[in-house]
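A quick write-up on the structure given underneath.
In this note's numbering, the protein residues as written are 519 to 882.
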């Protein structure tokens with residue numbers, strides 16, 4: 519069962535969503551409602567939902583700022599946006615925040631349930647992928663508790679990639695509180711060791727990718743014979759985890775500040791996050807304090823593809839997705855993929871795919 523929070527300043531609008539959703543059939547449960555973004559954010563922090571259905575135009579913290587905050591602090595959260603306005607600025611922010619769907623009011627029942635079903639499918643797939651990748655599978659008897667664990671784990675991983683230490687520590691504290699309420703310590707103590715090892719393996723993989731070696735506390739060694747004693751309480755387990763995450767993030771941040779070499783993996787990640795903006799070889803080179811020529815040669819040598827070709831490919835893949843799946847107006851697709859000149863976008867698109875955006879839409 520996945521949990522949902524609905525955020526809308528109009529009570530009748532919240533009632534419509536509650537009435538139209540096929541909650542039981544999709545395995546969804548409404549756990550909270552809020553009438554503005556500020557209250558909604560508090561509910562998200564307190565309840566840790568899997569899905570948020572939110573309006574855009576609200577008093578206080580509006581939908582645009584709420585989406586930015588959710589995207590930064592809760593990267594695993596699935597978001598469905600509702601709006602009574604066909605506003606491109608709202609649509610743009612929804613897409614940048616990786617919202618599952620942007621629904622125009624009045625809400626269509628079929629569109630709402632299709633969006634909810636997509637959320638469920640994506641969450642189930644993410645859970646299967648995460649569980650399959652674990653070296654030591656978890657023995658949670660409660661499937662709902664396992665789902666929540668996976669959601670929190672994904673959030674921590676997202677914050678780790680961003681080196682967002684405050685958000686990572688806050689999420690770990692929320693997970694510890696969840697497991698404490700579930701009386702995890704009253705069950706098999708070996709599960710605490712599995713949790714500890716799971717988070718340590720995730721951290722070690724990330725540290726290795728960043729050329730950093732971390733040492734576990736003596737009590738955290740996977741081969742230790744006294745594993746149960748090493749992770750003998752929830753507080754000690756999460757104390758170890760927090761300590762190692764703080765050390766690793768601080769070390770990686772220091773290395774990045776002091777490094778003299780170009781981190782090409784970070785450059786590619788920067789492009790993946792910002793290809794929808796007006797970025798270029800020159801602007802990226804300036805951001806990393808290197809010459810355009812050096813960046814271009816290094817990127818091609820490392821990835822076998824020119825940097826500008828990589829940006830073009832990312833933009834075209836996104837444009838195709840927006841045309842085929844989102845069915846957006848072509849001018850909006852152009853703007854959302856970094857092109858202000860729509861005529862130029864048409865030329866680039868046709869050269870890349872061999873057909874115009876309009877022809878692609880007709881073929882679907």
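The beta carbon of each residue, even a glycine, is placed where N, CA and C say it ideally should be.
Contacting residues, own chain, Cβ-Cβ under 7 Å from residue i (five flanking each side not counted)
i: residue 684; result: none
i: residue 579; result: 554, 555, 556 and 559
i: residue 675; result: 720
i: residue 561; result: 523, 550 and 552
Opening and closing residue of the alpha helix (DSSP H) in which residue i lies
i: residue 532; result: 529–538
i: residue 809; result: Premise fails: residue 809 is in no alpha helix (DSSP H) and is neither H nor E.
i: residue 826; result: 825–839
i: residue 854; result: 848–854
i: residue 599; result: Counting along the chain, residue 599 falls outside any alpha helix (DSSP H), though it belongs to the beta strand (DSSP E) covering 596–601.
i: residue 687; result: 683–699
i: residue 556; result: 555–565
i: residue 862; result: 860–871
i: residue 717; result: 708–727
i: residue 587; result: 581–591
i: residue 783; result: 782–792
i: residue 877; result: 875–881
Euclidean distance between Cα positions of residue i and residue j
i: residue 810; j: residue 816; result: 10 Å
i: residue 600; j: residue 632; result: 14 Å
i: residue 640; j: residue 569; result: 11 Å
i: residue 853; j: residue 715; result: 45 Å
i: residue 823; j: residue 829; result: 10 Å
i: residue 549; j: residue 689; result: 19 Å
i: residue 678; j: residue 686; result: 7 Å
i: residue 621; j: residue 613; result: 12 Å
i: residue 882; j: residue 876; result: 10 Å
i: residue 673; j: residue 857; result: 32 Å
i: residue 699; j: residue 752; result: 11 Å
i: residue 740; j: residue 696; result: Any reading at residue 740 must be qualified, since the residue scores a pLDDT of 38, below 50, and its modelled position is unreliable; the value itself is stated next. In a straight line, the C-alpha of residue 740 is about 24 Å away from that of residue 696.
i: residue 668; j: residue 643; result: 11 Å
i: residue 878; j: residue 842; result: 8 Å
i: residue 818; j: residue 666; result: 41 Å
i: residue 680; j: residue 790; result: 13 Å
i: residue 682; j: residue 713; result: 21 Å
i: residue 503; j: residue 839; result: Here the chain has residues from 519 to 882 only, and residue 503 is not among them.
i: residue 526; j: residue 730; result: 45 Å
i: residue 701; j: residue 572; result: 33 Å
Integer Cβ distance of residue i from residue j, believed to fall under 8 Å
i: residue 782; j: residue 820; result: 5 Å
i: residue 793; j: residue 832; result: 4 Å
i: residue 545; j: residue 576; result: In fact, because the Cβ distance is near 28 Å, the residues do not count as touching under 8 Å.
Contacting residues, own chain, Cβ-Cβ under 8 Å from residue i (five flanking each side not counted)
i: residue 813; result: 780, 785, 799, 802, 803, 806 and 825
i: residue 874; result: 864, 867 and 868
i: residue 860; result: 848, 849 and 852
First through last residue of the beta strand (DSSP E) which encompasses residue i
i: residue 573; result: 569–573
i: residue 552; result: 546–552
i: residue 524; result: 520–525
i: residue 482; result: Examination of residue 482 is not possible in this model, given that the chain is present from 519 through 882 alone.
On the three-pair Cβ rule with 8 Å, is the segment 802–810 touching the segment 766–773? no
Cβ contact check for the segment 623–641 and the segment 590–599: 3 or more pairs under 8 Å: yes
Per the contact definition of three or more C-beta pairs closer than 8 Å, is the segment 660–677 in contact with the segment 524–538? no
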